[in-house]
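Take a look at the structure below.
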Amino acid sequence: MKRFMESGGGSPLYPGAMSGSGAESAHRLAALGTVPMAPGLSDDEVTHIESSFGFTFADDHRDFLAAALPVGEGWPNWREGHRQLDRQLRLPADGILFAVEWKQFWHGGWGKRPARMKDALRSAVYQLARVPRMVPVHSHCYLPAGRHSSGHPVLSIYQAEIRVVADNVLDYVTRLSTPAPPPTALPTVGFWSEHVIA
31 MKRFMESGGG SPLYPGAMSG SGAESAHRLA ALGTVPMAPG LSDDEVTHIE
81 SSFGFTFADD HRDFLAAALP VGEGWPNWRE GHRQLDRQLR LPADGILFAV
131 EWKQFWHGGW GKRPARMKDA LRSAVYQLAR VPRMVPVHSH CYLPAGRHSS
181 GHPVLSIYQA EIRVVADNVL DYVTRLSTPA PPPTALPTVG FWSEHVIA
């Protein structure tokens, strides 16, 4: 399927890609004219990314990146920078570990917190390896991983401070340029949702 340059937005997009909310999100972001946009990810590129990092994109997130790839500041460049991508993918769990060590954070479902910090951190690492993966959208904002799912609220994750910042990826892109009331969607992903700040 050939890409084309969307008139007015200057973004490389797939013909017919506007049918889903993920692709519409890319269209709206391109129309802002403030974020550099590269051609969207091919199926082979997506497969390589998912295999390399051990997750699958949610359907609307995948459609967003297939329509056009934001490469501006704060946007993960899925085509380059393997080390940076790995850091962004680990950041949510690393932030929780920081909170365990320095802010007395402990998830109730993990059982009693070990008395020794070394043991608490070891236990937290074990538990965090089993929570749902979060995939960066932009800056410190994330969507849950998982094929055959879509429409998840976008979460801001900074250490153990987690907030719903948009009802979905389309709402997130819209809020970049348009003031809007607080999002109303309820978080949908295990563990992370339990620590959302109202």
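Take 31 as the starting number for the sequence shown in our numbering and just add one per residue. Ideal Cβ positions, reconstructed from N, Cα and C, are used throughout, including at glycine.
Inclusion of Arg58 and Thr214 in the CB contact set at 9 Å is not warranted, their separation being larger than that value.
Excluding sequence positions up to five before and after Thr86, its CB lies within less than 7 Å of the CB of Glu80, Ala175, Gly176, Arg177, all in the same chain and listed in chain order.
For Leu119, the enclosing alpha helix (DSSP H) stretches over residues 112-132. A distance below 9 Å separates the beta carbons of Leu173 and Val184. In the three-state reduction of the DSSP assignment, Arg193 falls in the strand class, which pools E and B.
Separation of the CB atoms of Ser186 and Gly104 is rounded to 12 Å, and the pair is thereby denied contact status at 8 Å.
Of the residues assessed, Val155 falls on the exposed side of the cut-off, its CB having fewer than 16 other CB atoms within 10 angstroms.
By the C-beta density criterion, Leu71 is buried, having at least 16 other C-beta atoms within 10 angstroms. Fewer than three pairs of CB atoms, one per stretch, sit closer than 8 Å, so the region 186-197 makes no contact with the region 98-117. Under DSSP, Ile187 forms a beta bridge with Ile192.
In this structure, the straight-line span from the alpha carbon of Gln157 to that of Glu131 is close to 15 Å. Contact check for Tyr202 and Val194: beta-carbon distance about 10 Å, past the 8 Å limit, so the pair fails to qualify.
Each residue's CA atom was taken as its position, placing Ser207 and Arg120 some 28 Å apart. Pro106 sits close to Pro166, with the two beta carbons spaced by under 9 Å. Annotated three-state conformation of Leu71 is coil, per DSSP. If only uninterrupted beta strand (DSSP E) runs of at least 3 residues are considered, those enclosed by the region 151-176 are 164-168, 171-174.
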